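Asks:
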Amino acid sequence: MISLASYLVISMILFAIGITVMIARKNIVAILLGIELILNAAALNFVAYSKFVTQNLDGHVFSLFIIVIAAAEAAVGLAIVIRFFQLKETIHIDEATQLRN
Amino acid sequence: MFLNLLFLMSAFLTVGSAVLVLTTKNIMHSCVFLLGSLIGVAGLYATLDADFVAATQIMVYVGGVVILMLFAVMLTGGKDFISKAQNLLGLIPTMGNKWSYSIGILVSLVFVFTNIQLLSRLGTMSTLKNNGSFGSSIREIGHLFVKDHILAFELSSVLLLGALVGAAIIARPHRHQGHDHD
Amino acid sequence: MEYTIGSVAPIFLAPFTAFVINAFVGKKLPRQGDWLSVLAIFISFLFSFRIFMDFVGGSFATDYYIHKVFTWFDLSSGNQNFKVEMGIYIDQMTSIMLLMVTGVATMIHLFSTWYMHDDVRYGKFFVYLSLFTSGMLGLVLSDNLLSLFIFWEIMGFCSYSLIGFYYEKEKAGDASIKAFMTTRVGDVFLLLGMVAIWQVVGNVSFVDIYAAIAEGKFAGQQVLGISLATFTAFCVFMGTIGKSAQFPLQVWLPDAMMGPTPCSALIHAATMVAAGVYLSLRMYPLMVAGDLTHFIALIGAITAFGAATIALVQTDLKAVLAFSTISQLGYMVMGVGVGSYNAAFMHVITHAVFKACLFLSAGSIIHSVHEQEMPKLGGLRKKLPFTFIAMMACTLAIAGVPFFAGFVSKDRILGDALYWGLFSGQSKVWAIVPILGFAGAFLTAFYMFRMMFLIFFGQPRDKHLYDHCHQEHIGFNSNIPLLILTVFTLGFWYAGSLTGQNIVKVFGAKTEWFKILVEAPKVEKFINHPREEFGFVDTRLKTDLPVAVYEHQSGFVGVNPENEHGLHSAHVIGAIASIFIALSGIFLAYLMYVKRSVKPLAESFRGYTTTLQNRYYFDNFYVGRVIQKGLIPFNRFLSWLDSGVYDRYAVDGWASVNRFLFRISKWFDDVIVDSIGVDGTGVAVNLMNLILRIVQSGKIQFYFVVLIVTLAGYVWTFKF
């Protein structure tokens, strides 16, 4: 019953929901939540392939790197959110237009 | 049997919590549902015999990232904490509107169709041999880290340091208030 | 006999440990930790002295070398070879260099405790001194270009910090940035050269490079239309040009005198600038393989002469010394170019000793008088007797008076240059090199004695300053270092014969140790050399090792050294000419500045003097032309490209396209909906409006949508 396809489908659903969260919600923190979902979907794919296809542990290593990078990204992203909030007193993504001009 | 049960529960937890992340009004609740989703992914790792990755997932995400998110939400709560005036089906959460939602769903549908197009070619591959478990994978992962992937390992440590310093610098309040408003 | 990690590493690690301790807890230590730095460098000195005695004392043959490596990290996987090894390489040259660096640095450390004692950042100065010294020692010990480059950059950083030590002064800050940026130009080339070497050799270790040259790996390869060996040699030599302040990049060194005087002595006279020459000596086989020696000789000659002319008109005491440093470095580089390997290295050592002593004397004068403009000084002979003795000896040495160290080494370079330019049978055009060299030697004698006469002789020109100057007393950290260095400005330490060319023998053959021990690396012996890991113990007994044979060797490795007769006559002519030139320069200075029977030339050649005072307008050229006319317009061009083209056409253009579409749809709305009144169409147009408005918003999330859709589009199009 459990096959590679089932993991891929779950990962795909997770990824799609992540995309939707990133696009649909206007709260910057929520966008970061979406990014986390997407990264998890990717890591899940790595581990699934490593179990069913390559039969070695490289996929695990890569998913660990993804977790590390996600942690770093979350730290920096949240620092930016806090700084942004100090400047604009809101975390609405449409206010983030400083770089436009 | 136990494996199937674990898989089903984890998959349900993952997908269900993710959907709730998408649809909850309160961003705080969103974060907590993300927690559920991540624990579900950890369970999926467990079904894949990836014990170390599962443990790391729980420790780093559940212990670290989501807590960080919650702090960020609380620090930036303000007036945006809970959703503004909503209309469509009472389902529209914080700072989104029907258009952003429809575009988001549209795009993710595009992605899903694309993905199915790709995966359909895997067809015969999907039920591959599942021969036994690795046992505890920690030792082998450790060896991989210091042998094959040493460069990436070192680079990720540099990355973490950089992220740490960068986050500290970005979040630091400026000394000269008044200059930083553009 | 065992050179294990315990007997070599302290040379580098002692100053480095002192640096670490002083940097973190120096302020809490008594006397701000200066004793720690002095002690550390003295420990290095003792270890270096042991190595020196082993090598020079005749324990090893002249071509004996110690090369030990350890693997720093190994990223090789599969057939990719990426293994970085660090190690030490000690031969006769290294041992002499180590002794010189540690000896001179010890004296300078000692002097600094006196010179800097009332400075507010006393402790910080010793932090930098220790780091600098350890960098220099590490560079000398390095067995490969990569670690050499690391230490090279450490020294670059220290020089930046020390030049800008008085960072309250705006000029000091500017000078430090200038020094840093100018040497960077050379460093980039050096890095490029290292990459080229890595491509060919697969390693940057000296012995592997020598072996590759001997095997002819560089031959026949082309890059950018020139031969690879020439390209690589040029890039490496550019490193020398930057670090040793040679002709196109010499502008930083005079400004580097903004730093405290002891650091000028250590960095910009004795050791750091010598590192550049040391690099070209180490890479000498590459320079020969790349056929670059003529270019090197020419650069050296131009520098030697040009800097000497500029020094003629400087009024600042330290500026004169700075330009004389550039000029002397020019002689060393010229020596490398004409194949006078041994003499060039000897000049590195002798110059380091007497120039360090000169700078310390200048420091002593500045500290006593608080003035460094020479026209305001004068008659200080009686007030500062010990400084006078030290400075006089060093001036005699640099001017090339017989029996002094500078004469021995400079005369040998000039003699070899004379042979190379006139007697070796190559094109007579290259006679320009020895001619410029001799002219520079004349000017050197002249301007150095001009400086001496202005400072120490005649009547005090500023009575107030003179009266304020305290009478000098002997002190272990004020004059003693000067006098110790003075002892080593005498020629017989370095060569037994009068000129160093075996022309008038004074002592026995054993005193010609320098000339016999130091020789250009013979690349053939490095083919298939064994690779020794660290901790390796040499089990051979001392008596089993081949021993240096002290008998006559030429030391000249340039073109056609078989022509013994020509070489000999060139050396005789060179020696006589050197003595004559030096004495006449001194005599002219005496007539001008003491007797005053000859008017200084400044009045009659006013335009030329102005040119000299502006240092041939090099600074103006770099700032006015290269930076203002070159780099700043380039920057403007880039910013125009960004704002003018990219923003206007890509970003704003996209917006106007959208606006145009919006207008069309509005028109569609007006005409079709309003006039025809079909509600369904109206809804469609509304939707389109909406989409367009989202497109036009330029929001982050919109980009994400575009990203996903584009990726999906790729997949659908190409069916990956």
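Protein chains in written order, with the numbering used here: chain X, 8 to 108; chain P, 7 to 188; chain W, 1165 to 1884. The beta carbon of each residue, even a glycine, is placed where N, CA and C say it ideally should be. Keep in mind that this is a model prediction, so the values were computed, not measured.
#1: Is there a C-beta anywhere in chain W that falls below 7 Å from the one on P/Thr-53?
#2: Would you list the one or two residues that DSSP bridges to W/Gly-1885?
#3: With DSSP as the reference, label W/Asp-1238 as helix, strand or coil.
#4: Taking 7 Å as the cut-off, decide whether the C-beta atoms of W/Gly-1503 and W/His-1735 are in contact.
#5: Buried or exposed for W/Glu-1332, going by 16 or more other Cβ atoms inside 10 Å?
#6: For W/Arg-1285, collect the residues of the same chain with a Cβ closer than 8 Å to its Cβ; drop the 5 residues on either side in sequence, then sort them by chain order.
#7: Does the beta carbon of X/Ile-45 sit closer than 7 Å to a beta carbon anywhere in chain W?
#8: Looking at W/Cys-1322 and W/Tyr-1292, is the spacing between their C-beta atoms short of 7 Å?
#9: Relative to the alpha-carbon of W/Phe-1886, which residue among W/Val-1870, W/Val-1371, W/Thr-1266, W/Ala-1397 has its alpha-carbon at the smallest distance?
#10: Please state if the CB of W/His-1531 and the CB of W/Ser-1573 are separated by a distance shorter than 7 Å.
#11: Starting from the C-beta of W/Glu-1537, find all residues in its chain whose C-beta is less than 7 Å away, skip the five residues before and the five after it, and write them out in chain order.
#12: Who are the neighbours of X/Thr-27 on chain P, taking C-beta pairs under 7 Å?
#13: Can you tell me the Cα-Cα spacing of P/Ile-144 and P/Gly-110, whole angstroms?
#14: Below 8 Å on the Cβ atoms is my contact criterion, and I expect W/Thr-1608 with W/Ile-1577 to pass it. Report the Cβ-Cβ distance as a whole number of Å.
#15: Where does W/Ile-1390 fall in DSSP's three states?
#16: Around the C-beta of W/Gln-1386, are 16 or more other C-beta atoms found within 10 angstroms, so that it is buried, or is it exposed?
#17: Along chain P, in chain order, which residues have C-beta atoms closer than 7 Å to that of W/Val-1248?
#18: Looking at C-alpha atoms only, which residue of W/Leu-1493, W/Gly-1190, W/Ala-1605 is the closest neighbour of W/Ile-1740?
#19: Within the same chain, show all residues whose beta-carbon is closer than 7 Å to that of W/Leu-1705, passing over the 5 residues directly before and after it, in chain order.
#20: Do you know offhand how far P/Leu-115's Cα is from W/Thr-1235's?
#21: Rounded to the nearest angstrom, what separates P/Gly-168 and W/Gln-1410 at their Cα positions?
#22: Please name the residue, chosen from W/Trp-1804, W/Thr-1457, W/Thr-1467, W/Leu-1731, that lies closest to W/Ser-1588 on a Cα-to-Cα basis.
#23: Looking at C-alpha atoms only, which residue of W/Ile-1743, W/Gly-1251, W/Phe-1567 is the closest neighbour of W/Phe-1656?
#24: Using a Cβ-Cβ cut-off of 7 Å, state whether W/Ala-1753 counts as contacting chain P.
#25: Would you mind telling me which residues of chain X sit closer than 8 Å to W/Val-1869, beta carbon to beta carbon, in chain order?
#26: Could you tell me whether the Cβ atoms of W/Thr-1258 and W/Phe-1209 are closer together than 7 Å?
#27: Taking 7 Å as the threshold (beta carbon to beta carbon), is P/Thr-120 in contact with chain W?
#28: Taking Cβ to Cβ, would you say P/Ala-52 is nearer than 7 Å to P/Ala-60?
#29: Our contact map puts P/Leu-44 next to P/Val-72 with C-beta atoms below 8 Å; I'd like the distance itself, whole angstroms only.
#30: Is P/Val-66 near X/Ile-30, with beta carbons less than 7 Å apart?
#31: Give me the residue from W/Lys-1689, W/Ser-1803, W/Asp-1227 with the minimum Cα distance to W/Ala-1376.
#32: Identify the contact partners of X/Ile-24 in chain P, using a Cβ-Cβ distance below 9 Å as the criterion.
#33: Per DSSP, what kind of secondary structure is W/Ala-1541 in: helix, strand or coil?
#34: Specify the secondary structure class of P/Asn-32 as computed by DSSP and reduced to three states.
#35: Going by DSSP in three states, P/Asp-154 sits in which element: helix, strand or coil?
#36: Which residues of chain W have a Cβ atom closer than 8 Å to the Cβ of P/Phe-151, listed in chain order?
Replies: In brief:
#1: no
#2: This structure cannot settle anything about residue 1885 of chain W, because the visible part of chain W is limited to 1165 through 1884.
#3: strand
#4: no
#5: exposed
#6: Phe-1329
#7: no
#8: yes
#9: Residue coverage of chain W in this structure runs from 1165 to 1884, which leaves residue 1886 of chain W outside it and unanswerable.
#10: no
#11: Thr-1479, Asp-1480
#12: Leu-28, Gly-110, Ile-111, Ser-114
#13: 39 Å
#14: With 8 Å as the limit, W/Thr-1608 and W/Ile-1577 do not qualify as a contact, their Cβ atoms being about 13 Å apart.
#15: strand
#16: exposed
#17: None at all; the shortest Cβ gap to chain P is about 12 Å.
#18: W/Ala-1605
#19: Because the pLDDT at W/Leu-1705 is just 46, under 50, the model does not fix this residue reliably, and the value given afterwards should be weighed accordingly. Contacts found: none.
#20: 53 Å
#21: 39 Å
#22: W/Leu-1731
#23: W/Phe-1567
#24: no
#25: Ile-30
#26: no
#27: yes
#28: yes
#29: 7 Å
#30: no
#31: W/Lys-1689
#32: Val-21, Ala-24, Val-25, Val-27, Leu-28, Ser-43, Ser-114
#33: The residue you asked about is not Ala; residue 1541 of chain W is Leu in the sequence shown. Coil.
#34: coil
#35: coil
#36: Result: empty, since nearest Cβ-Cβ is about 14 Å, beyond 8 Å.
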